[in-house]
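Residue numbers (the working numbering), protein chains in the order written: chain V, 611 to 983; chain D, 611 to 983.
There are 2 protein chains.
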Amino acid sequence: MAQLKEGLAGVVVAQSKISKVFGEEGRLIYQGYDIDDLAPNATFEETAYLLWNGELPTQKELQAFQQQIQEKRSLPSEIMNLVTGPLVEAHPMAALRTAVSALAAYSPDPAPTPQGALQAGTDILAKMPTITAAHQRAQQGKDPVEPDEDLDHAGAFAHMLTGERPTEEAHDAMTQALVLHADHGFNASTFSARVTASTLSDTYSAVTSAIGTLKGGLHGGANTNVMKMLEALDASGEDPVDHAKGLLEDGEKIPGFGHRVYRTMDPRAVHLKQWSQKLCDQIGEPHWYEHTAAIQDFMLEEKGLHPNVDLYSASTYRGLGIDKAYYTPIFAISRVAGWIAHVAEQYDGNKLIRPRAEYVGETDLTWEDLSDR
Amino acid sequence: MAQLKEGLAGVVVAQSKISKVFGEEGRLIYQGYDIDDLAPNATFEETAYLLWNGELPTQKELQAFQQQIQEKRSLPSEIMNLVTGPLVEAHPMAALRTAVSALAAYSPDPAPTPQGALQAGTDILAKMPTITAAHQRAQQGKDPVEPDEDLDHAGAFAHMLTGERPTEEAHDAMTQALVLHADHGFNASTFSARVTASTLSDTYSAVTSAIGTLKGGLHGGANTNVMKMLEALDASGEDPVDHAKGLLEDGEKIPGFGHRVYRTMDPRAVHLKQWSQKLCDQIGEPHWYEHTAAIQDFMLEEKGLHPNVDLYSASTYRGLGIDKAYYTPIFAISRVAGWIAHVAEQYDGNKLIRPRAEYVGETDLTWEDLSDR
């Protein structure tokens, strides 16, 4: 029997051209471009195009892609009714997962080919902000906001969430958050999308798997958990470092720290930290940023742990006025760009992903009839 | 960089006590019991109990488990409306995936613990036959059939599908089909459920991933594809062996053959072959069995390939009068027993499943502004 590789840590499962995490240097590239170049420069649509096609779009290509997304942004009325009716009390990630799964009913079963993935992917990517914004507003007892065709993806999402066109700064912050979360190697949600695609199942199935996987507290759920921690800290009136010490003493995990790959501060967190400071200042609640920064310093000193992408995305979204239950859906609305790129790459020269287990149970038990038990 | 393990073939990802595939001997055990003992003796409920608890139930334990399932069999009216309304034209596996995902809205977010998995699992396992039967009947323009509380799981499913209580023989055949498909090591759908659970996401998410993964043609979709092949053969009027030869010459894959693990005839296929012969005879259509058997012999001689579980499940379900589009959902209705057992096992001492990729793309591209492209 081969050696046990629990959690597949360090196991190389495929070749990929989509993104690379340089764990030692704290660097992340998408298709060869450093996120430090992309974050201040690229729109989310440009980033998705890059991830899907391996090169930055020309002006004409970008315009065509933006138009496709805009045309697909509205939901079929039955899906809108589902999201704002039976799913209204559901966890926002459960609502998003269910609605994306249901979208498959409106598209002929897409072919398990790279082209089929991008076609279905455009539909899914376009509609995810509409689903999440409608769900958030329904939870608040508000009607959905019609998509504004003059806005790009980040702007349209912010507008559908709040009913107001975002300020230039809020627009920039949302754009950068979406660009920074768009891909990250073979993380668990991306890997689950690839496992699903590897049976030659369809792209709706693969993205549905990924949304459910991202929901977990060890993955996308962590940004919501960071905000819960910050709120608990705020309510306690404690010093941030004392609060963090108390959590560690109680055996609790502090969300927003540590990563299977990085040995430095997550390069995405560097950008988000700046946004957190700026936006929390602007809303007159600088303590969300300050407490986070104090916990960052403490965790490095005490545990040698660096912040990951989730630590400062929480206070950034707080600065944008977004309800904490929707932080993980924002991650999904961005990461779907990467999921689709990976599903397309998986279909291209597909090999079924099927590992083994080491069986450690009984092997020769004898059946006993129910009457003898 | 570690060695590339494409498709994770032979990679051991975890220890497990749930089931073991003996590839060389062609043997399959669930929690220590050989399926050759379980198939003729166990009900599906006994099998699920065994997979979930590691031992066969006493009479009292089985009765309590059966009662829990019976009580949970009916769907919330909104889910029934979803399945028979907006999802009616969807692929049966897309409908099942969406409905199971939507069920999460009716259960408080279950804890990512073994106990939480079994609790949510009972709800999901109980309702999957109701979902699939209602979808099939809605596609035929028929109303759903209320669950009959006097019938066990296999019987209730057959009754809800057809509106008639199954004969003793049809009941036995459905029971054995469900028992035989209930678990099979770290197959792709089970693995996807474990990847999803490994982020500490919930059980509804994990099963939703698994359904989407099972849908693919390289996994659960194969049994439907076997029937499509048999129907095409029938329509062609060709000799079965000539037809199979033609498919191979055209570079087509013949579904129902080969397996990543078995080097013999799949032990489940041994049982299903007997059912196929008996049931096809009884409906006066013995050719479904005979053609399958002829192709089995040809494939062993020509390609050295043995039949897997899908080859004879197709004609078995045909003998039971079931529409071929619903063969894969039957697989899911059975395999959910295994998925839940694996999700519970994953939560117990969980480790995030996150592999690596070998990056083979560009690393140092320079950003160009859109106006320069």
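Built from N, CA and C at the ideal position, the CB exists for glycine as well.
Using the beta-carbon of each residue, which ones in chain D are nearer than 7 Å to residue i?
i	result
E634/V	Those within 7 Å of E634/V in chain D number zero; the least Cβ separation is about 13 Å.
V621/V	A612, K615, V621, P965, R966
A935/V	Chain D residues near A935/V: none, gap ~11 Å exceeds 7 Å.
K913/V	Those do not exist, as K913/V stays about 18 Å from chain D at its closest Cβ, beyond 7 Å.
Less than 8 Å between the CB atoms is what I'm expecting for residue i and residue j, so what's the real figure, rounded?
i	j	result
T874/V	H916/V	6 Å
I963/V	V805/V	5 Å
I905/V	G929/V	Actually they do not touch by this definition, with Cβ atoms about 17 Å apart.
I950/D	T742/D	About 17 Å; that fails the 8 Å criterion.
H881/V	L790/V	6 Å
Q669/D	L980/V	6 Å
G822/D	R707/D	5 Å
Y640/V	L660/V	6 Å
G795/D	A612/V	About 14 Å separates the two Cβ atoms, so there is no contact after all.
Give the interface partners of residue i over in chain V, defined as CB-CB distance under 7 Å, in chain order.
i	result
A624/D	E616, A967
I589/D	Residue 589/D lies beyond the residue range present for chain D, which begins at 611 and ends at 983; the question has no answer from this structure.
L975/D	G642, Y643
D647/D	W977
D719/D	H701
S944/D	Within 7 Å Cβ-Cβ: nothing; S944/D doesn't reach chain V, min ~17 Å.
Cα separation between residue i and residue j?
i	j	result
F801/D	V953/D	9 Å
E699/D	L843/V	50 Å
V693/V	Y969/V	42 Å
W885/V	N918/V	15 Å
G861/V	Y899/V	25 Å
P965/D	F632/V	15 Å
A792/D	Q678/V	43 Å
S988/D	A714/V	Outside the displayed range of chain D (611 to 983) lies residue 988/D, so it cannot be described from this structure.
T973/V	I645/D	12 Å
A658/D	A652/D	10 Å
A721/D	G636/V	34 Å
E774/V	V621/D	51 Å
E616/D	L810/D	26 Å
K630/V	Y936/V	27 Å
Taking Cβ-Cβ distances shorter than 9 Å, what residues in chain D pair up with residue i?
i	result
S684/V	Neighbours of S684/V on chain D: none; closest Cβ ~16 Å, over 9 Å.
F796/V	R964, P965, R966, A967
K737/V	Going along chain D, no residue has its Cβ under 9 Å from K737/V, so there is no contact; the nearest lies around 15 Å.
For residue i, which residues in chain D fall below 8 Å Cβ to Cβ?
i	result
R747/V	Near R747/V there are no residues of chain D at all, since even the closest Cβ is about 17 Å away, more than 8 Å.
E688/V	G695, P696
L672/V	L980
E699/V	A715
Between which two residues does the alpha helix (DSSP H) containing residue i stretch?
i	result
K655/V	According to the sequence shown, residue 655/V is Glu rather than Lys. Note, E655/V: alpha helix (DSSP H), 654–663.
R878/V	877–892
K630/D	Careful: K630/D lies outside any alpha helix (DSSP H), inside the beta strand (DSSP E) at 629–632.
Y814/D	813–824
L857/V	850–859
S711/V	702–713
F941/V	937–957
F767/D	763–772
Please list, in chain order, the chain V residues whose beta carbon lies closer than 8 Å to that of residue i.
i	result
R990/D	An answer regarding residue 990/D cannot be provided, because it is not within the stretch 611 to 983 covered by chain D.
S711/D	A704, R707, T708, S711, T818, G822
F801/D	V805, I963, R964, P965
K752/D	Here the premise fails: no neighbours, minimum Cβ distance about 19 Å.
R870/D	L962, R964
L692/D	L692, P696, A712
Should residue i go down as buried or exposed, given a rule of 16 or more other Cβ atoms within 10 Å for buried?
i	result
L614/V	exposed
A845/V	exposed
P650/D	exposed
E759/V	exposed
P667/D	buried
D753/D	exposed
E955/V	buried
T740/V	buried
G847/V	exposed
What residue range does the beta strand (DSSP E) around residue i cover?
i	result
L666/V	Premise fails: L666/V is in no beta strand (DSSP E) and is neither H nor E.
F867/V	Taken as a continuous stretch (DSSP letters only), F867/V belongs to no beta strand (DSSP E), as it is neither H nor E.
R964/V	Neither: R964/V is in no beta strand (DSSP E) and is coded neither H nor E.
I932/D	Note, I932/D: premise wrong, no beta strand (DSSP E); not H, not E.
L638/V	637–640
Q625/V	622–626
Identify the contact partners of residue i in chain V, using a Cβ-Cβ distance below 9 Å as the criterion.
i	result
V970/D	Q625, S626, K627
G827/D	P722, T809, L810, S811
K630/D	A967, Y969, G971, T973
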